[in-house]
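Enquirer: Take the sequence shown: its position 263, counted from the start at 1, is 262 in numbering that gives the first Met the number 0, and no numbers get skipped.
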Amino acid sequence: MVYFPYFRGKQFELIAIRESAKFFKDNEFVPIIEPVKKELKSLKRALDFLCEENTDVIVIINPLKGDLNNDGESIVTLLEDEFPDNDNIIFGILLTEDLSAEDAFNIIERMDKKEIAIIHAGFSDAKGLATLIQDKTSSIISIFFEDYCGKLYRRHFSKSKKRVLLRDGFQKRTNRNHPQVEFFSDLHATYTEEGMDAFGDFLIVGDEYLTGGGPAYTIAIHLTFIDNEKDEEMHINHFKSIRQNTPKDPAGKFAEALDKLIFELSQPNCKILKTTSAIIEFKDLHSRGHFPGLGHVKKLSMKHHIETLGHFFE
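1) According to DSSP, what are the bridge partners of N176?
2) On a Cα-Cα basis, can you pick out the residue from T191, S157 and K239 that is closest to V180?
3) For a quick check, are the C-beta atoms of Q10 and K36 less than 9 Å apart?
4) Can you list, in chain order, the residues of its chain with a C-beta nearer than 7 Å to that of A15? Leave out the 5 residues immediately preceding and following it.
5) Grouping DSSP H, G and I as helix and E and B as strand, with all else coil, what is I14?
6) Below 6 Å CB to CB, which residues in the same chain sit around K158 once its five sequence neighbours on both sides are set aside?
7) Do you know offhand how far T217's Cα is from H295's?
8) For Y2, does the three-state DSSP call read helix, strand or coil?
9) Taking the C-alpha atoms as reference points, what is the distance between E306 and D283?
10) Quick check for students: name the residue ranges of the beta strand (DSSP E) that lie wholly in the region 84-122, counting only runs of 3 or more.
11) Would R44 pass as a contact of R7 if the rule is Cβ separation under 9 Å?
12) Flag this pair as touching only if the region 84-93 and the region 54-63 have three or more C-beta atom pairs under 8 Å; answer yes or no.
13) Alpha carbon to alpha carbon, what distance is there between E313 and P291?
14) Could you pull out every residue in the same chain whose Cβ sits closer than 7 Å to the Cβ of A197, ignoring the five residues on either side in sequence?
15) To the nearest angstrom, how far is the alpha carbon of A256 from that of A219?
16) Short of 6 Å in beta carbon distance, which residues of its chain neighbour I155, apart from the five on each side in sequence? Order them along the chain.
17) On the DSSP bridge list, what partners appear for A219?
18) Helix, strand or coil for D200, going by three-state DSSP, please let me know.
19) Can you tell which of E96, D167, L165 and E108 has the C-alpha that lies nearest to the C-alpha of I139?
20) Please name the residue in L49, D84 and M110 whose C-alpha comes closest to that of E72.
21) For G288, count the other beta carbons within 10 Å of its own beta carbon; 16 or more makes it buried, fewer makes it exposed. Which is it?
22) Any idea what DSSP makes of S184, helix, strand or coil?
23) So, helix, strand or coil for F23, using DSSP?
The following block contains the structure:
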């Protein structure tokens with residue numbers, strides 16, 4: 000349990016989780032899912048795949064984003080009815096700024112006898128909550144959004160069963176304004192120096208949640224890679240379409256971005272891991288001249304990121 004990728008439960012993300020279930024198990028990666036859609040069939044299907052592979056997963060029962068904001072009862076019902084006594088399901092509790100220590104404690108108490116992860120995401124009364132749950136802390140996983148949780152905050156939960164630091168390495172901007180290559184993160188190599196047992200990120204999507212995108216003037220393929228010449232830092236390559244001034248012809252603009260990716264893969268100094276399932280599929284899409292849709296492209300980039308980290312920890 001060294002890597003905890005954070006997913007919002009959009010359709011293409013849940014498909015990425017399903018398709019990566021065995022990889023998660025083999026590499027002891029633990030996905031975190033914050034369900035954002037009222038319809039839970041796709042979530043259940045993803046959980047079925049994970050449990051079939053005996054893969055641990057954290058499901059947030061009180062989402063902040065999306066359709067189920069402030070109403071996670073349907074998630075709890077799904078987990079209790081469809082996955083009773085399943086040891087792979089960890090109940091995630093999102094601690095945000097609008098919760099008091101008593102509110103957070105009451106949610107934790109309600110989940111008694113369940114394995115619990117608390118996700119610190121803007122909550123302010125660390126000392127108060129730590130006092131209330133001091134007899135439970137050693138059985139609870141603590142996951143810290145780095146942007147909200149400094150070292151003094153995290154110190155209150157030093158006796159947690161496992162401590163995970165979440166860092167958002169993806170710089171959110173319009174695709175047109177992405178540089179060709181930029182730094183993503185070094186947390187995969189430095190999380191122990193932060194006093195953590197594991198780390199996580201928001202993959203190539205970022206923490207910011209958007210319900211839908213507007214017309215894509217620029218199509219981009221986002222692929223991470225480990226740079227062995229820079230202390231094994233992770234960087235991200237943004238392969239962008241040539242045409243950027245019109246929302247027309249997304250398939251043609253995807254082909255332009257994909258041409259750039261394929262050219263990069265042919266270079267002798269290319270640092271992108273070429274053996275991931277996503278790269279194999281990108282090559283196939285290129286040879287067939289096929290555009291699978293932007294959600295599918297994003298799914299491939301997420302799987303590539305996961306498999307790149309798996310290769311690093313091998």
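Backbone N, C-alpha and C define an ideal beta-carbon position, used for all residues, glycine too.
Expert: Well, looking at it:
1) Beta-bridge pairing links N176 to no other residue.
2) Closest by alpha carbon: K239.
3) Yes, the pair counts as a contact, with Cβ atoms nearer than the cut-off.
4) Once the five neighbours on either side are set aside, the close Cβ partners of A15 are K298, M301 and K302.
5) Helix, per DSSP.
6) Hits under 6 Å: T136 and S137.
7) Cα to Cα, T217 sits roughly 16 Å from H295.
8) If DSSP states are grouped into helix, strand and coil, Y2 belongs with the strands.
9) Distance from the CA of E306 to the CA of D283, rounded to the nearest whole angstrom, comes to 18 Å.
10) If we require 3 residues or more, the beta strand (DSSP E) runs fully inside the region 84-122 come out as 88-94 and 115-119.
11) Not closer than 9 Å, so no.
12) Because the criterion of three Cβ pairs below 8 Å is met, the region 84-93 and the region 54-63 touch.
13) When rounded, the separation of the alpha-carbon atoms in P291 and E313 is 31 Å.
14) For A197, where only same-chain residues beyond five positions count, the Cβ hits under 7 Å are M0, V1, Y2, F3, K161, V163 and Y190.
15) Rounded to the nearest angstrom, the two C-alpha atoms are 6 Å apart.
16) For clarity, residue 155 is His in the given sequence; the question names Ile instead. Residues A125, K126 and A129 of the same chain have their beta carbon placed closer than 6 Å to that of H155, with the five preceding and five following residues left out of the count.
17) DSSP output for A219 lists K239 as bridge partner(s).
18) Residue state, collapsed to three classes: strand.
19) Nearest C-alpha to I139 among E96, D167, L165 and E108: E108.
20) For the options L49, D84 and M110, the alpha carbon positioned closest to that of E72 is the one of M110.
21) Flag for G288 reads exposed.
22) Correct three-state label for S184: strand.
23) The answer is helix: DSSP assigns F23 an H, G or I state.
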